[in-house]
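Since the structure comes first, as structure tokens, the remarks are kept for the end.
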Ligand code: MN
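Numbering (my numbering), first residue to last: 1211 to 1467.
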């Protein structure tokens, strides 16, 4: 086998075993983290593959419904990955880590911007969800557990409720399709920001750059089957299934960068 073939094989191995990390952090050592390597559908020549979810499609009921989760994961997320792989088919220098790839994308490269962003954003979104404490649609939302993140939320926004109201307002303000984020920004402060389409705060041209801690998909495909046009009902249901423990780890890691 030629040296070139060896290098190509090694690159493929690295891509397929790439871990969804943030800032090079070895998140694979943390429980419940999705890795590209965990996907069952690794095909020849694929750069990235659909990560398995760490819960069943119906696990977030009644707040996010099974059909939405299944279509969102197997159709929407998969489509971003398929198109990302096509965009990278002749690129031998692209980073093998989706987080690092996002950091290299410039605003004029729409194939990478839309599909690389789509892959990162959805992988991140799944990781920041977990089954609800109970199934009562009217139950009180669990607050973030005591820790560094809840301390920072209170010191930045006043109270957890004030933070949630502000986050909801920003989520509501996204015109058309996009995302609402909680990030650790460049001066190590918590900040709520939004992005259009599949842009994210890792990208070079993002108006607010930083390390994501929470993400909310406000594309209609994320909620229309259950909540129809009522985006705020979806946002309020989403608080019931936020994985605060994961957000805490991301916040602590983001503060150390
Ligand atoms: Mn989506």
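Backbone N, C-alpha and C define an ideal beta-carbon position, used for all residues, glycine too.
Computed from a predicted structure; not experimentally measured.
Within the chosen limit of 8 Å, the ligand MN does not reach the beta carbon of residue 1410 with any heavy atom. With contacts defined by Cβ atoms closer than 9 Å, residue 1451 and residue 1340 form a contacting pair.
In chain order, the residues with a C-beta atom nearer than 6 Å to some heavy atom of the ligand MN are 1282, 1286, 1332, 1427, 1429, 1431, 1432. Under the Cβ criterion (8 Å, minimum of three pairs), the region 1364-1371 does not count as touching the region 1284-1297.
Annotation: residue 1385 to residue 1377 spans about 15 Å, alpha carbon to alpha carbon. Straight-line measurement puts the Cα of residue 1350 at about 36 Å from the Cα of residue 1324. Judged by DSSP secondary structure, residue 1383 falls within the alpha helix (DSSP H) whose first and last residues are 1370-1383. Per DSSP, reduced to three states, the secondary structure at residue 1404 is strand. In this structure, residue 1345 lies near residue 1271, with their beta-carbon atoms less than 9 Å apart. Residue environment: residue 1329 is assigned as buried (16 or more neighbouring CB atoms within 10 Å of its CB, all protein chains considered). Annotation for residue 1464: the continuous alpha helix (DSSP H) segment containing it runs 1454-1466. Counted as a single uninterrupted DSSP element, the alpha helix (DSSP H) harbouring residue 1364 occupies residues 1358-1367. DSSP places residue 1393 in the strand class (E or B) of the three-state scheme.
CA-to-CA, the gap between residue 1439 and residue 1379 works out to about 16 Å. If you look at residue 1425, you'll find it in the beta strand (DSSP E) that goes 1420-1427. Judged by pairs of C-beta atoms under 8 Å, the region 1441-1458 does not touch the region 1398-1414, as fewer than three such pairs exist.
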